[in-house]
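Protein sequences, first through last, are from chains X and R.
When we follow this note's numbering, the leftmost residue of the first sequence carries the number 5, and every step to the right adds one.
When we follow this note's numbering, the leftmost residue of the second sequence carries the number 5, and every step to the right adds one.
One structure is given here, and the rest of the page talks about it.
2 protein chains.
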Amino acid sequence: MTTTAPAQVDSETAAQRARRTRIIAATLSLASRGGYEAVQMREVAERSEVALGTLYRYFPSKVHLLVSAMASEVDQLSQRLQKRQPPGKTRAERVSFVLERSTRSLQRDPLLTEAMVRAMMAADVTVAQEVNAVRQGMSDLIVQAIRGDDGVQEHDVELAAILQDVWFARQIAWLGGRIEAADVWRDIHLAIGLVLADG
Amino acid sequence: MTTTAPAQVDSETAAQRARRTRIIAATLSLASRGGYEAVQMREVAERSEVALGTLYRYFPSKVHLLVSAMASEVDQLSQRLQKRQPPGKTRAERVSFVLERSTRSLQRDPLLTEAMVRAMMAADVTVAQEVNAVRQGMSDLIVQAIRGDDGVQEHDVELAAILQDVWFARQIAWLGGRIEAADVWRDIHLAIGLVLADG
DNA sequence: CCAGTAACAGGAACGTGTTCTAGTATCCCA
DNA sequence: TGGGATACTAGAACACGTTCCTGTTACTGG
Chain X
5 MTTTAPAQVD
15 SETAAQRARR
25 TRIIAATLSL
35 ASRGGYEAVQ
45 MREVAERSEV
55 ALGTLYRYFP
65 SKVHLLVSAM
75 ASEVDQLSQR
85 LQKRQPPGKT
95 RAERVSFVLE
105 RSTRSLQRDP
115 LLTEAMVRAM
125 MAADVTVAQE
135 VNAVRQGMSD
145 LIVQAIRGDD
155 GVQEHDVELA
165 AILQDVWFAR
175 QIAWLGGRIE
185 AADVWRDIHL
195 AIGLVLADG
Chain R
5 MTTTAPAQVD
15 SETAAQRARR
25 TRIIAATLSL
35 ASRGGYEAVQ
45 MREVAERSEV
55 ALGTLYRYFP
65 SKVHLLVSAM
75 ASEVDQLSQR
85 LQKRQPPGKT
95 RAERVSFVLE
105 RSTRSLQRDP
115 LLTEAMVRAM
125 MAADVTVAQE
135 VNAVRQGMSD
145 LIVQAIRGDD
155 GVQEHDVELA
165 AILQDVWFAR
175 QIAWLGGRIE
185 AADVWRDIHL
195 AIGLVLADG
């Protein structure tokens, strides 16, 4: 947190964009192999062929780094899912589709998920911007599913926020060893039914 | 995590119970003054007049320590609130009463809350028992409010779990500087209205 | 092209959670 | 009541996130 970050991402040099990409890639790779604790800053720096100080110039803390990595993952998920309207006649069916896909996508790589979700929860005010990017991506996904072809509905943003809260909380319960992977989806599905009781 | 914990809390010697009490007291005091980062294990040990190794024998990590502290706080809150049935004619009114009291109680000491909630979120599988104690305490509170004088209702435990998830998630959003203290309560209230739509 | 500035490399150093060791005190039971 | 196990103290040691320092490289305006 000593040095000032590169002014703007879109005014970066090509070499800088490449460094940023290498750093995120190394982070995802390490997280995927060993979770939160395996993402060690020295190791990330070494793998992305960047000095430790440079790593900290790009991402001022481990939490910034992991939340940024999650933002990049959510972006990808979002692009895959938003190619077409989620199927289903009711709001509940469409939201179920989207959240089930998201949940399965995360559970496929539990250690990576653990690293990213743990960072999201550890984020303090200095990471608010990155955290908001992640939440916005998830929210867009859910809101689009709620609306379907019906357009804007009352409370749809608030409902999406609640479902996202439950979604995160259940992931944490799973990561904390308090519920099984299968229960994550059962609980979220139940929450969808209760919150979107329209069919 | 190397040494085995004292066998059972109820088979402790008087001196051991006193140590445990002093440790929790020192933890709450430090957390209240400076939040999560101010709870430093060496400092806790010194203030509770216990060697560092002993502290780790009683609480095998900082997270265990803070979650245990939260369990003790929730116990107290629970005892205060459960003295009488929460007022209100509808489930929503009663649950609002209980959660508003809980929220206000936490917001009165933001740094302590930050320390405890952050520990709850950082808890891994080794802390599952302590985390469950906290969640059970909160759940009892909410379930009792849902039931009121009406007795057992369908899904009341699941509804309580969802509300608790939202409650925690909103606390985190507040602690993460993404929403204001007042918004915490507004969002939880909204969730109550949506989940318990019975008046 | 050159000077000055910002970014980067390499690595030492520091803080705090956690573990480990050696010695001492306390407890429990035969 | 004595002796062995268990618990405790004091403090060193280790790991990893973070900061800082020194020298070098890459960029930019004149």
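Glycine residues also receive a C-beta, built at the ideal position from the N, C-alpha and C atoms.
Since this is a predicted model, take the numbers as computed values, not measurements.
Cβ-based neighbour list, residue i, same chain, cut-off 6 Å, excluding 5 preceding and 5 following
i, result
"LEU116(R)", "ALA35, SER36"
"GLY39(R)", "LEU115, GLU118, ALA119"
"ALA149(X)", "PRO90, ARG98, VAL99, VAL102"
"ALA73(R)", "ILE28, THR31, LEU32"
"GLU158(R)", "none"
"ARG26(X)", "SER52"
"ALA11(R)", "The predicted model places ALA11(R) with a pLDDT of 40, which falls under 50 and marks its position as unreliable, so this point remains unresolved."
"ARG84(R)", "none"
Boundaries of the alpha helix (DSSP H) in which residue i is found, first to last residue
i, result
"ASP153(R)", "Element bounds for ASP153(R): n/a, residue is neither H nor E."
"ARG98(R)", "95-111"
"PHE172(R)", "160-179"
"SER72(X)", "66-85"
"THR117(X)", "114-126"
"GLY57(R)", "56-62"
"GLN20(R)", "18-38"
"ALA129(R)", "A small fix is needed here, since residue 129(R) is Val in this sequence, not Ala. Looking at the DSSP string, VAL129(R) is not in any alpha helix (DSSP H), and its letter there is neither H nor E."
"LEU198(X)", "185-199"
"GLU41(X)", "Element bounds for GLU41(X): n/a, residue is neither H nor E."
Among the options, the one whose alpha carbon lies nearest that of residue i
i, options, result
"LEU137(X)", "ARG84(R), ARG182(R), LEU56(R), GLU158(R)", "The amino acid occupying residue 137(X) in the given sequence is Ala; Leu does not appear at that position. Closest option to ALA137(X), Cα to Cα, is ARG182(R)."
"LEU179(X)", "VAL102(R), PHE63(R), GLN86(R), VAL131(R)", "VAL131(R)"
"ALA96(R)", "GLU47(R), ALA30(R), LEU163(R)", "LEU163(R)"
"GLN86(R)", "GLN20(R), LEU103(R), LEU198(R)", "LEU103(R)"
"VAL121(R)", "GLN157(R), GLN44(R), LEU69(R), LEU200(R)", "LEU69(R)"
"GLY152(X)", "ALA185(X), GLY92(X), TRP189(X)", "GLY92(X)"
"ALA186(X)", "ASP128(X), ARG112(X), PHE63(X), ILE146(X)", "ARG112(X)"
"ALA55(X)", "TRP189(X), ARG24(X), GLN168(X), ALA126(X)", "ARG24(X)"
"ARG190(R)", "ALA165(X), GLY197(X), GLY57(X)", "ALA165(X)"
"ASP160(X)", "ARG61(X), VAL147(X), SER52(X), LEU59(X)", "VAL147(X)"
"LEU2(X)", "SER52(X), GLN20(X), THR17(X)", "Given that chain X is displayed from residue 5 to residue 203, the structure contains no residue 2(X) and the question cannot be resolved."
"GLU184(R)", "VAL129(X), VAL156(X), GLY197(X)", "VAL129(X)"
"THR58(X)", "ASP154(X), GLN20(X), SER82(X), GLY197(X)", "GLN20(X)"
"ALA64(R)", "VAL188(R), GLN157(R), GLN133(R)", "Here residue 64(R) is Pro; the residue named in the question, Ala, does not match the sequence. The option with the nearest alpha carbon to PRO64(R) is GLN133(R)."
"GLU41(R)", "ALA123(R), GLU16(R), ALA18(R)", "ALA123(R)"
Same chain only: Cβ atoms within 7 Å of residue i, ignoring 5 sequence neighbours per side
i, result
"MET170(X)", "A small fix is needed here, since residue 170(X) is Val in this sequence, not Met. Same-chain partners within the cutoff: ILE192, ALA195."
"LYS66(R)", "VAL43, MET45"
"ALA127(R)", "VAL67, VAL71, VAL135"
"THR8(R)", "With a pLDDT of only 39 at THR8(R), under 50, the local geometry of the prediction cannot be trusted, and no value is derived from it."
"GLN168(R)", "ARG139, MET142, SER143, ILE146"
"GLU47(X)", "LEU34"
"THR6(X)", "The predicted model places THR6(X) with a pLDDT of 34, which falls under 50 and marks its position as unreliable; any figure quoted below should be read in that light. Once the five neighbours on either side are set aside, THR6(X) has no close Cβ partner at all."
"ALA18(X)", "none"
"MET125(X)", "ILE176"
"ALA49(R)", "ALA55, LEU56, LEU59"
Chain-order list of residues whose beta-carbon lies under 8 Å from that of residue i (same chain, five-residue window excluded)
i, result
"VAL188(R)", "THR107, GLN111, ARG174, GLN175, ALA177, TRP178"
Cβ pair count under 8 Å reaching 3, the region 164-177 of chain X against the region 102-111 of chain X: yes
Cβ contact check for the region 61-80 of chain X and the region 141-153 of chain X: 3 or more pairs under 8 Å: yes
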